[in-house]
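Notes for the one structure printed next.
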Amino acid sequence: MKKTERIKYLIIGNSAGGIGAAEAIREVDKNGTIIIVSDEPYPAYSRPLISDYLSGKRSIEKMNYRPFDFYEKNSISTILGEKVNRVDFKNNTVTFSNGHILTWEKLLIATGGTPIVPPMDGKEARGVFTFTTLGDARAIDEYLNQKTGANAVVIGGGLIGVSVTESLLKRGVKVSIIEMKDRVLNIILDEITSAMEDKAIRASGAEIITGHTVTKINSNSRGEVESVTLDDGKTIPCSIVIISIGIRPRLELVQNSEIKINRGIVVNMHMETSIPNVYACGDAAEAYDFIYRENRLTPIWPNAYLGGRIAGLNMSGKTAEYPGGTALNAIKYFGVYIVSAGMAASPDSTYEEVVANGESSYKKLILKEGFITGMVFSGDVDRAGIIYNLMKDRLYVNSFKNDLVTENFGLLSLPEKIWRNRLATSPLESDSSKSSVSPC
Amino acid sequence: MRQFIEYDIIRYTATVFRYLVIEGITPMRKIYIKEEVCIGCGLCEVYCQLQHSSVRDLIKTFKKRLPRPLPRVRVETKGNVSFSVRCRNCDEPACAYACLTGAITRNPETRMITVDEEKCIGCCTCMMVCPLGAIKQDKEHKKMLKCDFCHGEEIPACVANCPNEALFCLELDDALTDVKMRIPSPVSQAV
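These protein sequences, in sequence, are chains S and X. Following my numbering from start to finish, the first sequence increments by one per residue and tops out at 440. Following my numbering from start to finish, the second sequence increments by one per residue and tops out at 1191.
Set out below in structure tokens:
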């Protein structure tokens, strides 16, 4: 044991969740020591922007999630580029890989997710990458700089796969996407919007192979990737492979502890884990999903920030409840604008779909017993937030559901009680001295 | 105008009062609408566009410089009900919490929610969570747009040009003077 310090708030993870917590703590407690720890060596950066980094559109300095003086201004200490090896929940300590030990009063685990890499022959070859961190983007960038006329195989046509495809194409790299299911972006989009993306991706020059998986990555005598073999025996030559099958919660710090884990770290409405004074949020946590009305993994940036914020408020002595999150994606790959939230497709025939197909827009709502459980909009996506919030607040929409997908949809498409509530105003009365005034 | 200040203002003031007392920060001004005299003419949209145009000339803005700048306020009309909708700078700004790049933040001085155009990638995540649909997408520039209170103008263009004075701006001081005896205890709402 080299040295021990007692830290009031220790946050493991320096991304959306960790920053959300630190900002919330500082709203309540101006002086309590906050330390943010991360094994990534950078100040908090916007993870979704790693695709802009790879395509060469944005430098590292322009990816900062907060201003350069954020940590200093908020008296937040950081330990960056250091890995926590062990958490002792009995003695409230963490041990770093260099042997350094810290003692904490309140702990937040915001370790995020880690890419899923399936057991696959040849995955250790040089030129095989994942794509979830700035480190990954830099490694791919360096590797590509040594190659000319590179072509890539992207394994998995989900958000990460399509995102890296767009960046690679912008760099002049040829790309083949191998998707196991029958369509790209099959988790967050329905069949119609998937087809729109599919068309746009192909039009940009990438190849999409659906219904197949990669069984083997083949390398040359120098140990570098030279091709992949598919499950049907077909071989695709390539100089780089990106594995983007998905992510799972990063749980190595808690795996063998008494903390309750299901698929992620289970948290209550205060984002507190089964161990008092230990909180979790973001991709590592399994928090309340207001659509499925149970705890689920919803690994998206906005939920991480909000979960972190709620954790931070509770850690610093306020009582705050997580309102729940759900899947929420706004994408613009290859110039196609699509937003989706909740369910993208009806799970079974007990769900109802309300669809409007306009000239340049597509709007679909999924309902169950008069409540919205999912939405997919493309083209005209303005004001989609009004509908998302009807879903989030679980408002009964059966009597006006068809109005929600019309072209000039707005607050006035909702019943008066709801729009007045949204505008925080009260109804007009005949007595003119009691006029309604609403801030808007 | 004072007689209109009722429940909504009290509620608003209570929230702002919290900032004032606890944080010692300049409170923010808000735009209010008197719904019963709004005729839905849309001039607030027009003058918002003019305000955000590179030329301060109506004809040039609307006829010569295409595409026109988009309005950051939206007029809604149904039957004889009409009002204009714009960002209300929520106390718990879902847009700022959802922003993927850190482009949307609250300006500590003005308390307004602002979009840093340099950082904004126009991804629409903020638009998806806004309960008023008050954030608009500018496809041309791939940026998100919202009311910016005309960049610190004393009176925003929509208010200044509303022909029926259906829109007005309120300073916290005005509201406080009227309701300070009736301020409920600060709301401790997290989200």
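Quick reminder that beta carbons are idealized off the backbone N, C-alpha and C, glycines included. Note that this is a predicted model, so its numbers are computed, not measured.
Exercise. Would you kindly work out how many angstroms separate the C-alpha atoms of GLU1117 (chain X) and VAL1075 (chain X), rounded to a whole number?
Key: Answer to the nearest angstrom: the Cα atoms are 25 Å apart.
Practice problem: Using a Cβ-Cβ cut-off of 9 Å, state whether VAL1085 (chain X) counts as contacting chain S. | Solution: At a cut-off of 9 Å, the C-beta of VAL1085 (chain X) has a neighbouring C-beta in chain S.
Quiz item: Got a sec? Which residues, its chain only, sit under 7 Å from GLY410 (chain S) by beta carbon, not counting five neighbours each side?
Solution: Closer than 7 Å at Cβ, skipping near neighbours: ARG383.
Practice problem: Determine the contact status of THR350 (chain S) and LYS363 (chain S), defining contact as a CB-CB distance below 9 Å. | Solution: Contact: no.
Quiz item: Counting Cβ pairs, one atom from each stretch, are 3 or more of them under 8 Å apart for the stretch 202 to 216 of chain S and the stretch 94 to 107 of chain S?
Solution: No, because fewer than three Cβ pairs between the stretch 202 to 216 of chain S and the stretch 94 to 107 of chain S fall closer than 8 Å, the two stretches do not touch.
Quiz prompt | Any chain X beta carbon closer than 9 Å to TYR279 (chain S) | solution = Answer no: the Cβ-Cβ gap between TYR279 (chain S) and chain X never drops below 9 Å.
Quiz item: Distance, Cα to Cα, ASN145 (chain S) vs LEU102 (chain S)?
Solution: Approximately 41 Å, taken between the alpha carbons.
Self-check item: Same chain only: Cβ atoms within 8 Å of PHE68 (chain S), ignoring 5 sequence neighbours per side
Solution: Within the same chain, Cβ atoms closer than 8 Å to the Cβ of PHE68 (chain S) are found at PRO43, the five residues on either side in sequence being excluded.
Quiz item: Given a limit of 9 Å on CB to CB distance, which residues of the stretch 1123 to 1142 of chain X reach chain S?
Solution: Residues of the stretch 1123 to 1142 of chain X with a C-beta atom less than 9 Å from some C-beta of chain S are CYS1123, CYS1124, THR1125, CYS1126, MET1127, MET1128, VAL1129, CYS1130, PRO1131, LEU1132, GLY1133, ALA1134, ILE1135, LYS1136, GLN1137, LYS1139 and LYS1142, listed in chain order.
Quiz item: Just the Cα atoms here: how many angstroms apart are ALA327 (chain S) and ILE35 (chain S)?
Solution: Taking the Cα positions, ALA327 (chain S) is about 30 Å away from ILE35 (chain S).
Quiz item: Leaving out the 5 sequence neighbours to the left and right, which residues in its chain are closer than 6 Å to GLY20 (chain S) when beta-carbon positions are compared?
Solution: TYR305, GLY308 and ARG309.
Quiz prompt | Straight-line gap, SER378 (chain S) to SER361 (chain S) (C-alpha atoms, nearest Å) | solution = Distance between the alpha carbons of SER378 (chain S) and SER361 (chain S) is about 5 Å.
Quiz item: Can you find at least 3 beta carbon pairs, one from the stretch 215 to 233 of chain S and one from the stretch 248 to 260 of chain S, that sit closer than 8 Å?
Solution: The stretch 215 to 233 of chain S, when compared against the stretch 248 to 260 of chain S, does not touch it at the 8 Å Cβ threshold.
Practice problem: Verify whether the separation of the beta carbon atoms of THR1061 (chain X) and PRO1071 (chain X) is less than 9 Å. | Solution: Going by C-beta atoms, THR1061 (chain X) is not nearer than 9 Å to PRO1071 (chain X).
Quiz item: What is the DSSP secondary structure of ALA424 (chain S), reduced to helix, strand or coil?
Solution: In this structure, ALA424 (chain S) counts as coil in the three-state DSSP scheme.
Quiz item: On the three-pair Cβ rule with 8 Å, is the stretch 200 to 207 of chain S touching the stretch 106 to 125 of chain S?
Solution: As far as the Cβ criterion goes, the stretch 200 to 207 of chain S does not touch the stretch 106 to 125 of chain S, which means the pair count is below three.
Exercise. Please look up how many angstroms separate the CB atoms of LEU287 (chain S) and MET271 (chain S), rounded, as I've assumed it's under 8 Å.
Key: Note on residue identity: the sequence assigns Ala, not Leu, to residue 287 (chain S). Confirmed, Cβ separation roughly 7 Å.
Quiz item: Using Cβ-Cβ distances below 8 Å, what residues of the stretch 332 to 354 of chain S are close to chain X?
Solution: Taking 8 Å as the Cβ-Cβ cut-off against chain X, the residues of the stretch 332 to 354 of chain S that qualify are LYS332, TYR337, VAL339 and ALA341.
Quiz item: What is the residue span of the beta strand (DSSP E) that PHE1083 (chain X) lies within?
Solution: DSSP places PHE1083 (chain X) inside the beta strand (DSSP E), whose first and last residues are 1081 to 1085.
Exercise. Check the Cβ-Cβ distances between ALA384 (chain S) and every residue of chain X, and say whether any is below 9 Å.
Key: ALA384 (chain S) counts as touching chain X.
Practice problem: Keeping to the same chain, check which residues put their C-beta closer than 6 Å to that of ALA1103 (chain X); ignore five residues upstream and five downstream. | Solution: Correct list, in chain order: VAL1115, ASP1116, LYS1119 and CYS1120.
Practice problem: Determine the extent of the beta strand (DSSP E) in which THR373 (chain S) is found, giving its start and end residues. | Solution: Here the beta strand (DSSP E) through THR373 (chain S) covers 371 to 378.
Quiz item: chain X partners of PRO43 (chain S), CB-CB under 9 Å?
Solution: Listed along chain X is no residue with a C-beta nearer than 9 Å to that of PRO43 (chain S); the closest approach is about 11 Å.
Quiz item: Within 9 Å (strictly less), CB to CB, does ILE1025 (chain X) reach chain S?
Solution: With a pLDDT of only 43 at ILE1025 (chain X), under the threshold of 50, the placement of this residue in the model should not be trusted, and no figure is reported.
Self-check item: Simplified DSSP state of ASP141 (chain S), which is helix, strand or coil
Solution: ASP141 (chain S) falls in the helix class under three-state DSSP.
Quiz item: What is the C-beta distance between ALA16 (chain S) and GLY282 (chain S), in whole angstroms, given that I count them as a contact (C-beta under 8 Å)?
Solution: Indeed they touch by this definition, with Cβ atoms about 6 Å apart.
Self-check item: Pick from S:GLU40, S:THR165, S:GLU166 and S:ASN74 that is closest to LEU134 (chain S), judged by C-alpha positions
Solution: Between LEU134 (chain S) and the set S:GLU40, S:THR165, S:GLU166 and S:ASN74, the nearest pair of CA atoms involves S:GLU40.
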